[in-house]
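Those protein sequences? They're chains G and L, same order as listed.
Per full-length UniProt numbering, the very first residue in the first sequence carries number 1; after that it's consecutive.
Per full-length UniProt numbering, the very first residue in the second sequence carries number 1; after that it's consecutive.
Glycine included, every Cβ here is placed at the ideal spot set by N, Cα and C.
Please read the structure below before turning to the comments.
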Amino acid sequence: MEFAELIKTPRADNVVLHRPFYPAVEGTLCLTGHHLILSSRRQDNAEELWLLHSNIDSIEKRFVGSLGTIIIKCKDLRIIQLDIPGMEECLNIASSIEALSTLDSVTLMYPFFYRPMFEVVEDGWHSFLPEREFELLSSVTNEWRLSYVNKEFSVCPSYPPAVTVPKSIDDEALRRVATFRHGGRFPVLSYYHKKNGMVMMRSSQPLTGTNGRRCKEDSALINATLRAGKRGYIIDTRSLNVAQQARAKGGGFEQEVQYPQWRRIHKSVERYNILQESLIKLVEACNDQSHNMDRWLSKLEASNWLTHIKEILTAACLAAQCIDREGASVLVHGTEGTDSTLQITSLAQIILDPRCRTIRGFEALVEREWLQAGHPFQQRCAQSAYSNSKQKWESPVFFLFLDCVWQILRQFPCSFEFNEHFLIMLFEHAYASQFGTFLGNNESDRCKLKLPQKTMSLWSWVNRPQELSKFKNPLFEANSLVIWPSVAPQSLQLWEGVFLRWNRSSKFLDEAYEEMNNIIEYNKELQAKVNALRRQLAELETDDGMQESS
Amino acid sequence: MEHITTPKVENVKLLDRYTNRKPANGTLYLTATHLIYVDASAEVRKETWILHHHIATVEKLPLTTSGCPLLIHCKNFRVAHFVIGHERDCHEVYTSLLKLSQPVKPEELYAFSYNPKMPKDNREIGWKLIDLKVDYQRMGIPNDFWEITDANKDYEVCNTYPPEIVVPKAANKATVLGSSKFRSRGRIPVLSYLYKENNAAICRCSQPLSGFSARCLEDEQMLQAIRQANPGSPFMYVVDTRPKLNAMANRAAGKGYENEDNYDNIRFKFIGIENIHVMRSSLQKLLEVCETKSPSMSDFLTGLENSGWLRHIKAVMDAGVFLAKAVKEEKASVLVHCSDGWDRTAQVCSLASLLLDPFYRTFKGLMVLIEKEWIAMGHKFSHRCGHLDGDLKEVSPVFTQFTECVWQLMQQFPCAFEFNERFLLEIHDHVYSCQFGNFLGTCHREREALKIFEKTHSLWPFLLQKKQEFRNPLYKGFTAYKELKPNTLPFSFQFWCGMYNRFDKGMHPKQCVLDHLLNSMSQKMKLEDNATDLENKLPFLDGPLPDEVCSLSKIVNASVESSKTPMLNTPQDYESEPPALLTNGAIVEEVDIMPDQDQKNKENFANHHDLPDLNSTMEVIESDAKKEKLQHQ
Numbered sequence: 001m002e003f004a005e006l007i008k009t010p011r012a013d014n015v016v017l018h019r020p021f022y023p024a025v026e027g028t029l030c031l032t033g034h035h036l037i038l039s040s041r042r043q044d045n046a047e048e049l050w051l052l053h054s055n056i057d058s059i060e061k062r063f064v065g066s067l068g069t070i071i072i073k074c075k076d077l078r079i080i081q082l083d084i085p086g087m088e089e090c091l092n093i094a095s096s097i098e099a100l101s102t103l104d105s106v107t108l109m110y111p112f113f114y115r116p117m118f119e120v121v122e123d124g125w126h127s128f129l130p131e132r133e134f135e136l137l138s139s140v141t142n143e144w145r146l147s148y149v150n151k152e153f154s155v156c157p158s159y160p161p162a163v164t165v166p167k168s169i170d171d172e173a174l175r176r177v178a179t180f181r182h183g184g185r186f187p188v189l190s191y192y193h194k195k196n197g198m199v200m201m202r203s204s205q206p207l208t209g210t211n212g213r214r215c216k217e218d219s220a221l222i223n224a225t226l227r228a229g230k231r232g233y234i235i236d237t238r239s240l241n242v243a244q245q246a247r248a249k250g251g252g253f254e255q256e257v258q259y260p261q262w263r264r265i266h267k268s269v270e271r272y273n274i275l276q277e278s279l280i281k282l283v284e285a286c287n288d289q290s291h292n293m294d295r296w297l298s299k300l301e302a303s304n305w306l307t308h309i310k311e312i313l314t315a316a317c318l319a320a321q322c323i324d325r326e327g328a329s330v331l332v333h334g335t336e337g338t339d340s341t342l343q344i345t346s347l348a349q350i351i352l353d354p355r356c357r358t359i360r361g362f363e364a365l366v367e368r369e370w371l372q373a374g375h376p377f378q379q380r381c382a383q384s385a386y387s388n389s390k391q392k393w394e395s396p397v398f399f400l401f402l403d404c405v406w407q408i409l410r411q412f413p414c415s416f417e418f419n420e421h422f423l424i425m426l427f428e429h430a431y432a433s434q435f436g437t438f439l440g441n442n443e444s445d446r447c448k449l450k451l452p453q454k455t456m457s458l459w460s461w462v463n464r465p466q467e468l469s470k471f472k473n474p475l476f477e478a479n480s481l482v483i484w485p486s487v488a489p490q491s492l493q494l495w496e497g498v499f500l501r502w503n504r505s506s507k508f509l510d511e512a513y514e515e516m517n518n519i520i521e522y523n524k525e526l527q528a529k530v531n532a533l534r535r536q537l538a539e540l541e542t543d544d545g546m547q548e549s550s
Numbered sequence: 001m002e003h004i005t006t007p008k009v010e011n012v013k014l015l016d017r018y019t020n021r022k023p024a025n026g027t028l029y030l031t032a033t034h035l036i037y038v039d040a041s042a043e044v045r046k047e048t049w050i051l052h053h054h055i056a057t058v059e060k061l062p063l064t065t066s067g068c069p070l071l072i073h074c075k076n077f078r079v080a081h082f083v084i085g086h087e088r089d090c091h092e093v094y095t096s097l098l099k100l101s102q103p104v105k106p107e108e109l110y111a112f113s114y115n116p117k118m119p120k121d122n123r124e125i126g127w128k129l130i131d132l133k134v135d136y137q138r139m140g141i142p143n144d145f146w147e148i149t150d151a152n153k154d155y156e157v158c159n160t161y162p163p164e165i166v167v168p169k170a171a172n173k174a175t176v177l178g179s180s181k182f183r184s185r186g187r188i189p190v191l192s193y194l195y196k197e198n199n200a201a202i203c204r205c206s207q208p209l210s211g212f213s214a215r216c217l218e219d220e221q222m223l224q225a226i227r228q229a230n231p232g233s234p235f236m237y238v239v240d241t242r243p244k245l246n247a248m249a250n251r252a253a254g255k256g257y258e259n260e261d262n263y264d265n266i267r268f269k270f271i272g273i274e275n276i277h278v279m280r281s282s283l284q285k286l287l288e289v290c291e292t293k294s295p296s297m298s299d300f301l302t303g304l305e306n307s308g309w310l311r312h313i314k315a316v317m318d319a320g321v322f323l324a325k326a327v328k329e330e331k332a333s334v335l336v337h338c339s340d341g342w343d344r345t346a347q348v349c350s351l352a353s354l355l356l357d358p359f360y361r362t363f364k365g366l367m368v369l370i371e372k373e374w375i376a377m378g379h380k381f382s383h384r385c386g387h388l389d390g391d392l393k394e395v396s397p398v399f400t401q402f403t404e405c406v407w408q409l410m411q412q413f414p415c416a417f418e419f420n421e422r423f424l425l426e427i428h429d430h431v432y433s434c435q436f437g438n439f440l441g442t443c444h445r446e447r448e449a450l451k452i453f454e455k456t457h458s459l460w461p462f463l464l465q466k467k468q469e470f471r472n473p474l475y476k477g478f479t480a481y482k483e484l485k486p487n488t489l490p491f492s493f494q495f496w497c498g499m500y501n502r503f504d505k506g507m508h509p510k511q512c513v514l515d516h517l518l519n520s521m522s523q524k525m526k527l528e529d530n531a532t533d534l535e536n537k538l539p540f541l542d543g544p545l546p547d548e549v550c551s552l553s554k555i556v557n558a559s560v561e562s563s564k565t566p567m568l569n570t571p572q573d574y575e576s577e578p579p580a581l582l583t584n585g586a587i588v589e590e591v592d593i594m595p596d597q598d599q600k601n602k603e604n605f606a607n608h609h610d611l612p613d614l615n616s617t618m619e620v621i622e623s624d625a626k627k628e629k630l631q632h633q
């Protein structure tokens with residue numbers, strides 16, 4: 001298919017662009033296969049707008065006489081308006097945008113066409129291979145092995161080819177466990193807590209069904225992670241009720257009789273469309289500036305977004321608490337083990353592991369616990385807050401995770417190497433990007449699409465020093481401690497940087513950030529100066545000493 | 001001291017409201033001024049001092065197995081929950097505290113016994129630190145239109161105004177006196193702030209005694225004089241900060257508001273800020289929400305909404321913004337009043353000044369502003385803060401709301417204020433502490449009668465001594481921002497956890513950016529000294545100072561270029577070079593108690609109060625499991 005077929009009117013003049021914080025500007029609108037571009041006739045001939053079609057969440061059309069207006073709502077929550085003279089042009093453009101922003105085929109997406117204008121120093125597709133991660137693990141323990149049982153994606157379609165499992169469990173046993181777990185997602189290692197050797201594993205629900213089907217190998221697998229005489233915890237991200245109901249559909253949970261060494265805790269975390277609706281309501285509340293105080297607070301409350309944040313953080317704290325405080329190993333799962341499970345395991349690692357609070361460590365975490373772990377990004381991030389589709393699979397699961405990280409960052413502002421902009425950048429790229437990183441639903445998809453060969457990795461771009469400098473937190477000082485966030489409502493806030501980004505100017509907050517940066521940078525310069533002077537003095541003193549002694 | 005029957009009680013537990021952690025066990029002491037609790041179970045001696053004046057309520061709760069609970073609510077929003085072993089001890093502490101926290105006579109207030117052991121001269125100098133005349137001079141007063149008059153030197157015009165007031169030059173004594181007869185409690189229109197650049201003024205007064213139809217020529221002349229003192233504008237605003245309904249109700253009592261027909265060229269406007277009773281109950285509701293044990297997000301947000309607190313804060317802010325806009329953008333003078341003109345009027349006028357004039361965003365400026373618009377103009381601190389045993393219906397968080405408005409502005413403009421949040425909290429503490437004379441009584445006349453200038457100390461010099469810890473490291477200076485135009489959409493207002501949950505440390509960010517930056521500031525000074533020292537030493541060793549060393553950026557560039565400095569700008573660099581820094585950025589010399597990492601870790605954990613208690617969760621699960629078994633059978 002040629003994009004040209006979809007573009008009936010590639011160009012329109014005298015289009016007026018309205019967008020947040022800028023005065024309206026008139027210019028020429030161009031449609032390309034992947035972008036919507038508006039350039040004004042200002043002297044510098046600057047592009048006023050360069051918008052990826054895949055960033056468009058929904059569009060609305062309005063007509064007053066022959067003047068058409070298209071309102072474009074973006075996945076990054078921005079809303080822009082284009083006034084286009086001529087009804088036909090406007091209709092053509094609108095239908096083109098609609099078609100181009102909802103392309104069916106992944107291979108038509110921009111990442112397959114994007115040619116980077118920067119030099120690739122490090123290919124991000126190879127930055128976080130499971131082998132690399134396993135090497136790190138092997139340096140502290142030899143109780144685990146890297147299994148390639150899923151090499152052909154035949155045992156578990158949503159797992160990567162290589163997974164870390166207890167050394168004592170062979171591939172045959174893994175195959176059997178896979179048949180006992182939803183979607184074949186058998187328990188694998190998620191995190192090893194160096195401090196006490198305890199581990200966090202994740203999986204999907206066991207397929208016990210109503211007649212209490214069991215699997216020897218399954219209990220053997222997870223028991224292999226327990227120290228002699230020690231108990232472990234299973235954190236089920238569903239309520240007991242939901243977990244019980246799952247049995248009717250062939251799912252279920254670990255029964256005490258079959259897993260006597262494990263205690264099960266149900267910590268309910270919402271999923272799917274409930275989260276999507278929550279996002280839609282929250283963004284609606286943030287965008288409506290006519291609210292009075294009461295209405296705003298009541299809408300904020302009714303969106304339940306912060307309730308979800310609190311739930312997820314509480315569950316993550318619980319997992320971290322079991323590992324660090326109780327000295328116990330943990331298995332986390334919900335139903336599929338691709339959504340709430342990953343929120344919990346990844347946030348627990350942020351709490352426990354200082355490495356995950358560095359830029360590179362966080363990237364590794366996103367790779368390991370989200371991309372390779374098979375969070376279906378393509379489905380979940382197909383639409384954002386302005387979608388009207390009632391698809392069940394769209395859900396801001398990863399977005400909520402980023403918000404939770406922001407909440408912890410706010411409570412521990414000196415413990416993270418990255419700043420808020422880094423999280424916002426990840427949010428944007430998860431929904432629309434020139435890079436291939438978040439395409440596909442799992443490693444199998446990515447392999448079939450040949451993403452590493454055909455697209456550029458987000459990490460290749462981010463990890464260049466020029467880009468990194470924007471994402472570095474000036475307050476960062478490595479903190480090797482476990483960081484326990486407070487989940488009291490008073491401690492959790494609306495993530496202004498994302499939700500109010502287009503609704504209020506951040507000029508004065510940006511200035512404050514700049515000022516803070518200056519203070520810290522100046523001190524670093526001073527320190528360097530003092531060091532240099534000291535060295536100079538020391539050199540002179542030794543010179544003098546030598547002269548005297550000679 | 002006669003109220004203290006039991007000065008010391010041992011084996012007293014202090015419960016933490018939010019954790020199931022083992023409560024502290026220690027000794028409770030009662031002194032003439034403070035309740036002191038010494039935690040004996042802690043590894044480090046931990047003391048909690050509660051000023052008797054800060055105690056709002058003391059409650060004895062029903063006896064429990066562990067003892068007799070005593071619940072203390074403080075005016076600075078501390079909540080202390082003690083459990084005392086013996087009922088009799090508890091009762092004695094309770095009765096003592098009831099008396100100690102509600103002094104009857106002003107002489108019993110702390111300020112009259114507080115003795116910081118300083119020469120008498122210093123006290124006098126302290127009281128002279130803030131001179132309102134200097135502030136009027138700063139505005140260019142006296143000038144062609146305004147004068148400082150001593151018309152009120154014997155409180156002949158108004159007994160709740162200070163002796164010296166600023167009125168239009170065109171208003172003669174007869175006008176002033178005549179107008180005073182037509183204004184509630186004689187609180188005539190006087191100048192609050194003059195915006196020098198365009199001569200627009202903010203004036204304040206109380207409501208007119210207009211009833212349904214009464215008029216007063218002198219009052220009309222007074223307003224005309226104010227309007228004409230701003231020749232650039234053909235009209236002036238008269239702003240009644242009350243809800244219209246309240247103002248109308250007042251007419252029946254012979255009070256009310258200005259009739260636009262009777263005054264030349266005024267534009268009359270209501271701004272609905274609620275009265276002191278509504279505010280008191282709103283705060284009460286807010287505090288209940290803050291105190292709820294492990295509320296859900298929904299409980300909290302619904303409670304916050306139902307309290308109406310942020311709605312009221314927004315109303316005050318909106319009013320301040322309206323005034324500032326009228327003065328700055330419309331170049332029109334504004335006369336503001338409410339009923340008596342000492343609550344809402346004080347809030348709104350001081351907020352508008354703060355928005356218009358960067359001076360009021362400095363240490364000195366905020367002190368002047370509070371002295372001028374609150375203390376001098378007769379905000380009844382004594383009644384509003386309940387300093388003495390008295391009418392509880394007079395108590396209202398009017399000043400707290402002003403403090404919060406300043407804080408909300410600091411959130412929106414982090415670089416515009418010389419001081420930080422702690423400065424606001426410290427002032428707020430002292431408004432209630434009665435440790436200094438500034439906030440005693442209800443007006444200037446009363447303070448004179450109490451001889452506070454001879455017998456007590458002023459707060460401001462004490463605050464200035466602690467300037468280092470109260471400064472805002474991000475402050476960009478006096479000239480960086482002129483007037484502030486805050487966003488007043490509802491989402492711009494935040495819940496002030498640092499005030500209303502101030503003593504629940506577990507809720508606050510665990511690392512404090514302010515501390516970090518304050519450390520950076522002091523470190524900066526040390527490094528600068530270091531550098532100067534070293535620079536001075538160098539030439540002695542090796543002749544004249546090499547040029548490169550003079551300029552900071554040059555030396556940095558040079559060292560980077562020559563790359564002789566590995567580890568440049570790395571944390572290691574910080575650790576290996578004096579002044580030695582701890583990993584948290586604190587400078588060693590300044591750290592008295594540095595908990596070891598494990599201790600700190602425990603703290604982090606313990607503070608994490610909302611973390612579900614694992615064992616109780618277990619119980620639930622186990623009982624669920626049992627039920628399940630039963631179902632199976």
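- When DSSP states are grouped into helix, strand and coil, C216 (chain L) belongs to the coil group.
- In the three-state DSSP reduction, V269 (chain G) falls in the coil class, being neither helix nor strand.
- Rounded to whole angstroms, the separation of the alpha carbons of Y360 (chain L) and P413 (chain G) is 30 Å.
- A distance of 8 Å or more separates the beta carbons of I408 (chain G) and P354 (chain G).
- For secondary structure counted as the alpha helix (DSSP H) over 4 or more consecutive residues, the region 233-283 of chain L holds these complete runs in sequence order: 244-251.
- The C-beta of V163 (chain G) has 16 or more other C-beta atoms within 10 Å across all chains shown, which makes the residue buried.
- Looking at the backbone, the Cα of G197 (chain G) and that of E143 (chain G) are separated by about 10 Å.
- Going by DSSP, Q81 (chain G) is part of the beta strand (DSSP E) stretching over 79-85.
- Using a CB distance cut-off of 8 Å, S395 (chain G) does not count as an interface residue toward chain L.
- The beta carbon of I520 (chain G) sits closer than 6 Å to the beta carbons of P474 from its chain, once the five residues preceding and following it are set aside; these are given in chain order.
- Minimum Cα-Cα distance from Y110 (chain L) among the listed residues L:I50, L:E92, L:P62 corresponds to L:I50.
- With 16 or more other CB atoms across the displayed protein chains lying within 10 angstroms of its CB, Y259 (chain G) is buried.
- Excluding the 5 residues flanking it on each side, V283 (chain G) has same chain C-beta neighbours closer than 8 Å at L77, A385, Y386, F499, in chain order.
- The three-state secondary structure of C74 (chain L), taken from DSSP, is strand.
- Close to I235 (chain G), with beta-carbon spacing below 7 Å, lies no residue of chain L; the smallest spacing is near 10 Å.
- In the DSSP assignment, L331 (chain G) falls within the beta strand (DSSP E) that extends over 330-333.
- Apart from the 5 residues on each side of it in sequence, V25 (chain G) sits with its Cβ closer than 6 Å to the Cβ of L17, S40, E48 in its chain, given in chain order.
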